[in-house]
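*Asks:*
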Amino acid sequence: MAPLSGIPGSGLAKGLAVTLRTMTKRSVTAQYPDALPELPPRSRGVIALFEENCTVCMLCARECPDWCIYIDSHKETAPPAAPGGRERSRNVLDRFAIDFALCMYCGICIEVCPFDALFWSPEFEYAESDILDLTHERDKLRDWMWTVPAPPALDPAAEEPKEIAAARKAADKAAAAAAAAAATAEPGQGEQAEQGEQSDRSDRSDDQGKGDA
Amino acid sequence: MNLSAAAHPGFLSPTGVEITFVLIGLATLGAALLTVTTRQLVHAALWLVVALGGLAVEYLLLTAEFIAWVQVLIYVGSVVVLLLFGLMLTKAPIGRSADADSENRLVALGVAAAAAAALVWVVVDAFRTTWINLHGAVQGSSRATGESLFRHWVLPFEALSVLLLAALVGAIVLSRRDTGSPADTATPADTATPADTADVPAPAAGKEHT
Amino acid sequence: MNDTLDVVLRLIAVLVVFLVLPLLVGQTEHKVMAHMQGRLGPMYAGGFHGWAQLVADGVKFAQKEDIVPADADRRVFQLAPAVALLPYLLVLIAIPVGPDGFVGQTVDAGLIFVLAVMGVGVLGSLMAGWASANKFSLLGGLRTAAQLMAYELPMLLTAASVAMAAGTLSLPGIVDGYHWWWTPWQLVGGVVFFTAGLAELQRPPFDMPVADSEIIFGAYTEYTGLRFALFLLAEYAGIVVLCALTTVLFLGGWHGPWSGSAGWLWTLVKTALLAFVVIWLRVSYPRLREDQLQKLAWTVLIPLSLAQIALTGVVKVVIS
């Protein structure tokens, strides 16, 4: 019956040896309620909302394959920046809810968000006894934002993130321009203009930095 | 057996063992009657267990321990299991079976009564008033049984085994399918049988016939 | 009076052993099986490593409703668990634990007694299988019967071989006559006896009659609550009895260093080791198919046990 490779019954002995060896090893079972698991960043637990970044562009709600994201908003107008200018209008978020009874954790909303307002949180203990309670509102989603860990470090030889690369490029350019200006400029002449230019550039790079955050 | 004929205490002063013996005998008889009269097939087999178990207890009371346990081992443990196996194969229904009764019940009664009468007469005539001394040395121990079996009764013992062997061989021959030319005899019904009979070992199937 | 007290004490001791050892084996099975599969097993009941898991299970079983199917044969159905369980209690009475009468009750033909009564236990499964009015139960009952008939024979033959070697049918007598070289002499017989015993208990890898993945739980499919628990208890009591019996017949029972004072401990240790092997086999091997089961019994175990009897006879004649 047993395949007669070598001594008959060696296969049977091998089976016994495997189980015995496993018994002497430490079990890898994590005792969950007592010991919480350490989940890596981007674990698909729940979707957290960084509502400060949300511009109510509705991309997430539209891309969601099972339509589980509910967004309400209204428009506010702000006075014009300069007198006589046009009034500025801006979307204000009223409601942002995700129905986790429908959500299938595909993560498309997170991929598609152009303003980095949605994140994966490793939080997973959000079971409810009523299916209706699985629709979580924006305050809950905002709270989950605190549980989002920092993204993992890049691989040693990886490409720089685009945002940082762009910022660095701008800073390098500014530095080069400043150096060139310093080299060519005569003392006393054109100082005013140069300072103005510098401050302008640093403002711009600051803006870009905020966008990255 | 080593039976002391002298100084029996008489019928009118029964001891506890004797009373137990009679009571268990009655219970065994009752179970045996139920075995043949019940209309529920499996119940008949189970009542047979009770009857055979009662017999084993009777042997025990007569200090024939070895015989008692062999009785349990062979009859309760194997023969009844075989019987139940056969009954399950026939899909014995739960509840009464209408055809569990036989037309020959009178004839059967006559045969049973004749057999019982013959046996009782033989036993009574053979032993008459001999009494087993229950308080002395054990007369039914394995050693005593073995010695009497293989010293005094070895010929009937061997004859019986030859008889059983013949029955076994006959059963195998009867239950064997003809494997000489499978191509000629293979019909749809035949090809379906191997799967059905594969579970039943040939000697076990043979025993059913014995 | 003293005799009565003695008998009562012995019976109580046997009852306690009967109630405690199967639970110990069950708990060991939980833990050993878990660790062999890289798990932890029960960890909560009782606080320390789930030691009270089976107690909790018992409480749970006691709370469950006792259901008898409408079409079942009520009395047979209800009687079956007791028929399955009680024989093992009876068998424990006859198994010697230590020297000098450390046994529930000395039985003259103890070996035959033990095997006979163990065979009766299987009747419980048959009754359950038939009375449940369930096709899976009936299949389980059929398989139980077929398996019992196939494996009872090698078990008896190998036990007979030991009885021949010892020249007695009494279990304490067999252990008394034990010498260390009996174990290698009867090695084949021991292996056959243990294997056939496993099959008779329907333990994996011989658990075709209860194969839960194809016939639910065989004869026990319709049972709930305490009656089901009794069947489970019977299985574990069966393990204890089989291991103790193998110890007594083939491993020399209480023989070992300091057997004078700690003989009973030797019996228990050997029994526990065998019980561990039973669990180990369950974890390691897949279930045998029904035809493989029958083939193993009739073409391997029975010839082996006949060979063992021949060997025993030859050696016995040579040394006497």
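Residue numbers (our numbering), protein chains in the order written: chain A, 1 to 213; chain B, 214 to 423; chain C, 424 to 743.
Ideal placement from N, C-alpha and C gives every residue a C-beta, glycine not left out.
Every value quoted in this text rests on a predicted model; they were computed, and no experiment measured them.
(1) So if DSSP puts residue 119/A in a beta bridge, which residue, or which two residues, is it bridged to?
(2) Could you run through the segment 6 to 18 of chain A and flag, in chain order, every residue whose CB is less than 7 Å away from some CB of chain C?
(3) According to DSSP, is residue 345/B helix, strand or coil?
(4) Shorter than 8 Å from the beta carbon of residue 703/C to some beta carbon of chain A?
(5) Note the first and the last residue of the continuous beta strand (DSSP E) segment covering residue 74/A.
(6) Rounded to whole angstroms, how far is the Cβ of residue 585/C from the Cβ of residue 724/C, which I believe are closer than 8 Å?
(7) Spell out a yes or no on whether the segment 522 to 540 of chain C and the segment 553 to 570 of chain C are touching, meaning 3 or more CB-CB pairs, one atom from each, closer than 8 Å.
(8) Measuring straight from C-alpha to C-alpha, what distance separates residue 190/A and residue 166/A?
(9) Below 8 Å CB to CB, which residues in the same chain sit around residue 204/A once its five sequence neighbours on both sides are set aside?
(10) Counting only beta-carbon atoms, is residue 453/C nearer than 8 Å to chain A?
(11) Quick check on residue 247/B - is its C-beta less than 8 Å from some C-beta in chain C?
(12) Hey, does residue 631/C have any beta-carbon neighbour from chain A nearer than 8 Å?
(13) Less than 8 Å between C-beta atoms, sequence neighbours within five positions excluded: which residues of the same chain meet that for residue 549/C?
(14) Chain B beta carbons: is any one of them nearer than 8 Å to that of residue 623/C?
(15) On the CB-based measure, 16 or more other CB atoms within 10 Å of its CB, does residue 627/C come out buried or exposed?
(16) Around the C-beta of residue 578/C, are 16 or more other C-beta atoms found within 10 angstroms, so that it is buried, or is it exposed?
(17) Is residue 398/B helix, strand or coil when you go by DSSP?
(18) Nearest CA to the CA of residue 52/A: which residue from 184/A, 145/A, 27/A, 149/A?
(19) Whose Cβ in chain A lies nearer than 7 Å to the Cβ of residue 707/C?
(20) Work out the CA separation of residue 76/A and residue 82/A for me, nearest whole Å.
(21) Give the interface partners of residue 407/C over in chain A, defined as CB-CB distance under 8 Å, in chain order.
(22) By a C-beta neighbour count over all protein chains shown, 10 Å radius and 16 as the cutoff for buried, is residue 78/A buried or exposed?
(23) From which residue to which residue does the beta strand (DSSP E) around residue 654/C run?
(24) Can you round the beta-carbon distance between residue 58/A and residue 71/A to whole angstroms, since I take them to be within the 8 Å contact cut?
(25) Name the two residues that bound the continuous alpha helix (DSSP H) containing residue 388/B.
(26) Provide the residue(s) that pair with residue 136/A in DSSP beta bridges, ordered along the chain.
(27) Restricting to runs no shorter than 4 residues, where is the alpha helix (DSSP H) found entirely within the segment 285 to 333 of chain B?
(28) Name, please, each residue of chain B whose Cβ falls closer than 8 Å to the Cβ of residue 599/C.
(29) Against chain C, which members of the segment 289 to 302 of chain B pass a CB distance test of less than 8 Å?
(30) Using a Cβ-Cβ cut-off of 6 Å (strictly less than) and excluding sequence neighbours within five positions of residue 85/A, which residues of its own chain qualify?
(31) Here's a check: name, in chain order, each residue in its chain whose Cβ is nearer than 6 Å to the Cβ of residue 621/C, leaving out the five neighbours to either side.
(32) Whole-angstrom Cβ separation of residue 570/C and residue 632/C, contact assumed at under 8 Å?
(33) At which residues does the alpha helix (DSSP H) containing residue 487/C begin and terminate?
(34) Residue 279/B versus chain C: which residues are under 8 Å apart at the beta carbon?
(35) Leaving aside the five residues before and after residue 354/B along the sequence, list all residues of the same chain whose C-beta is less than 6 Å from its C-beta, in chain order.
(36) Contact defined as beta carbons within less than 8 Å: I believe residue 289/B pairs with residue 266/B. What is the distance between those atoms, to the nearest angstrom?
*Replies:* Based on what the coordinates show:
(1) Position 119 of the first sequence, counted from the first residue, corresponds to residue 119/A. Residue 119/A is bridged to 48/A.
(2) 15, 16
(3) Indexing the second sequence from 1 puts residue 345/B at position 132. Correct three-state label for residue 345/B: coil.
(4) Sequence index remark: in the third sequence, residue 703/C carries index 280 (1-based). Cβ-Cβ to chain A under 8 Å: yes for residue 703/C.
(5) The sequence position of residue 74/A within the first sequence is 74, counting from 1. Note, residue 74/A: beta strand (DSSP E), 69 to 78.
(6) One-based indexing of the third sequence puts residue 585/C at position 162. One-based indexing of the third sequence puts residue 724/C at position 301. Rounded, the Cβ-Cβ distance is 16 Å, inconsistent with contact.
(7) no
(8) Start at 1 with the first residue of the first sequence, and residue 190/A comes out as number 190. Start at 1 with the first residue of the first sequence, and residue 166/A comes out as number 166. Bear in mind that the predicted position of residue 190/A carries a pLDDT of just 48, short of 50, making it unreliable; the figure below should be weighed with that in mind. Using only the alpha carbons, I get a separation of about 29 Å.
(9) If you number the first sequence from 1, residue 204/A lands on position 204. Here residue 204/A scores only 46 on pLDDT, less than 50, and its place in the model should not be relied on; the value that follows carries that caveat. Cβ within range, chain order: 170.
(10) Taking the first residue of the third sequence as position 1, residue 453/C is located at position 30. So, not an interface residue.
(11) The sequence position of residue 247/B within the second sequence is 34, counting from 1. False, the Cβ-Cβ gap to chain C never drops below 8 Å.
(12) The residue labelled residue 631/C in the question sits at position 208 within the third sequence. By this cut-off, residue 631/C is not an interface position.
(13) Position 126 of the third sequence, counting from 1, holds the residue named residue 549/C. Excluding residues within five positions, the ones whose Cβ falls inside 8 Å are 564, 567, 568, 642.
(14) Position 200 of the third sequence, counted from the first residue, corresponds to residue 623/C. Residue 623/C does not count as touching chain B.
(15) As a first step, residue 627/C must be located in the third sequence, where it is residue number 204. Under this definition residue 627/C is a buried residue.
(16) For the purposes of this step, residue 578/C is taken as residue 155 along the third sequence, with counting starting at 1. Residue 578/C is buried by the Cβ-count criterion.
(17) Against the second sequence, residue 398/B aligns to sequence position 185. At residue 398/B, the pLDDT of 46 sits below 50, so the modelled position is not reliable and the matter cannot be decided from this model.
(18) In the first sequence, residue 52/A corresponds to position 52, counting from 1. For residue 52/A, the nearest C-alpha among the options comes from 145/A.
(19) Residue mapping note: residue 707/C aligns to position 284 of the third sequence, counting from 1. Result: 15, 16, 19.
(20) Mapped onto the first sequence, residue 82/A falls at position 82. Mapped onto the first sequence, residue 76/A falls at position 76. The straight-line gap from Cα to Cα measures roughly 18 Å.
(21) Outside the displayed range of chain C (424 to 743) lies residue 407/C, so it cannot be described from this structure.
(22) Within the first sequence, the letter at position 78 stands for residue 78/A. Result: exposed.
(23) If you number the third sequence from 1, residue 654/C lands on position 231. Per DSSP, residue 654/C belongs to no beta strand (DSSP E); it is in the alpha helix (DSSP H), 648 to 673.
(24) Taking the first residue of the first sequence as 1, we reach residue 58/A at position 58. Taking the first residue of the first sequence as 1, we reach residue 71/A at position 71. Their Cβ separation, rounded to whole angstroms, is 6 Å, which keeps residue 58/A and residue 71/A in contact under 8 Å.
(25) Residue 388/B sits at position 175 when you count from the first residue of the second sequence. Per DSSP, residue 388/B belongs to the alpha helix (DSSP H) from 367 to 388.
(26) Here the question's residue 136/A lines up with position 136 in the first sequence. Paired residue(s): 98/A.
(27) 293 to 302
(28) Along the third sequence, one-based indexing puts residue 599/C at 176. Neighbours of residue 599/C on chain B: none; closest Cβ ~16 Å, over 8 Å.
(29) 289, 290, 291, 293, 294, 295, 297, 298, 300, 301, 302
(30) Numbered from its first residue, the first sequence carries residue 85/A at position 85. Excluding residues within five positions, none has a Cβ falling inside 6 Å.
(31) As a working mapping, residue 621/C is identified with position 198 in the third sequence. So the qualifying residues of the chain are 629.
(32) Walking along the third sequence from the start, residue 570/C turns up at place 147. Walking along the third sequence from the start, residue 632/C turns up at place 209. Yes, residue 570/C and residue 632/C are in contact; Cβ-Cβ is about 6 Å, under 8 Å.
(33) By 1-based counting over the third sequence, the position of residue 487/C is 64. Here residue 487/C belongs to no alpha helix (DSSP H), and DSSP marks it neither H nor E.
(34) Stepping through the second sequence from its first residue, residue 279/B is reached at position 66. 531, 532, 535, 592, listed in chain order.
(35) Against the second sequence, residue 354/B aligns to sequence position 141. Nothing meets the Cβ criterion.
(36) Here residue 289/B refers to the residue found at position 76 when the second sequence is read from its first residue. Here residue 266/B refers to the residue found at position 53 when the second sequence is read from its first residue. Between residue 266/B and residue 289/B the Cβ distance is about 6 Å, and since that is below 8 Å, they are a contact.
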